[in-house]
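Some notes on the structure that comes next.
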Amino acid sequence: MTMIFLGGSRDIFELPVPAIERIGAIVAAEHGVLIGDAPGADAEMQGLLAGYNYEHVGVFHAGAKPRNNLGDWAAYHVPPPVDAQGYAVHAAKDREMARRADFGLMVWDGASPGTCLNILRLAVIGSPCVVYDTMRATVATVHNIADWCAMLHRAGPDVRRDVEARITADERVALAT
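Numbering of the sequence shown is given in my numbering, commencing with residue 708 and proceeding in unit increments.
Structural data, given as structure tokens:
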């Protein structure tokens with residue numbers, strides 16, 4: 708079964724119509740869905756999938772239980788490193804979803820470094836990711852690291868600085884190759 712990593716920015720509480728349509732196509736094709744438990748885009752996508760009564764969904768979470776699991780789907784606990792704080796608490800689960808995914812679909816506010824890094828994680832392993840950038844009202848597919856670098860360049864220096872602060876050593880090495 709083809710696995711799709713769905714995700715996006717925590718500040719997005721309304722999905723763009725093309726993303727809703729794309730998720731409908733994922734359901735129609737009966738692809739597997741890997742999704743996080745965060746508020747914002749994750750919860751909005753979960754609500755849409757639950758409305759379809761869609762069953763092929765796995766919810767990944769770092770806490771003892773998912774913050775959101777709107778379809779009562781299988782939940783996968785990916786514990787954070789012992790000393791993790793802030794965004795690093797959820798990064799391990801995000802890396803695991805990217806590792807398992809064949810494709811990605813991200814709804815990005817054009818600023819969230821976490822969503823931007825998830826797109827990078829998919830690019831590093833060669834899993835294409837459709838990106839709905841709500842800030843710029845654009846949609847593009849990131850196929851590789853060069854595409855991701857171009858996307859990040861358009862995002863501006865503040866986003867680049869935030870991404871740089873969160874990137875792991877392994878991700879930094881992947882960018883250098």
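The C-beta atom is built at its ideal place from N, Cα and C for all residues, glycine as well.
Under 6 angstroms Cβ to Cβ from residue i, same chain only, skipping five residues before and after it: list those, please.
i, result
"V831", "A881"
"V866", "A818"
"G754", "L777"
"W780", "V764 and V766"
"R774", "D744"
"I703", "With the chain running from 708 to 884 in the structure shown, residue 703 is simply not present."
For a test of the three-state rule: what should DSSP assign to residue i, helix, strand or coil?
i, result
"H850", "coil"
"A872", "helix"
"V785", "coil"
"E728", "helix"
"L777", "coil"
"E721", "coil"
"K772", "coil"
"P820", "helix"
"A862", "helix"
"I832", "coil"
"A883", "helix"
"M888", "Any question about residue 888 goes unanswered here, given that the chain covers just 708 to 884."
"A791", "coil"
What are the residues that DSSP puts in a beta bridge with residue i?
i, result
"D840", "W815 and T845"
"G714", "M813"
"F767", "G743 and Y783"
Sorted by chain position, which residues of the same chain lie with C-beta nearer than 8 angstroms to residue i's C-beta, five sequence neighbours on each side aside?
i, result
"I711", "I733, H738, G739, V740, L741, A808, D809, F810, G811 and L812"
"G743", "G714, D749, V766, F767, H768, H797, K800, D801 and M804"
"S834", "F712, A805, A808, D809, F810 and G811"
"D854", "A830, A847 and T848"
Only counting the same chain, and skipping five residues up and downstream in sequence, which positions put a Cβ closer than 7 angstroms to that of residue i?
i, result
"T845", "none"
"H784", "H768"
"R873", "Y794, P820 and L824"
"V870", "P820, C823, L824 and L859"
Next on the checklist: In chain order, what are the residue ranges of uninterrupted alpha helix (DSSP H) at least 4 long that sit wholly in the segment 735–764?
Outcome noted: 748–758
Checklist entry - Does the segment 717–727 come close enough to the segment 739–755 that 3 or more CB-CB pairs lie under 8 angstroms? => result yes
Checklist entry - Do the segment 762–779 and the segment 817–832 touch if we need at least three Cβ pairs shorter than 8 angstroms? => result no
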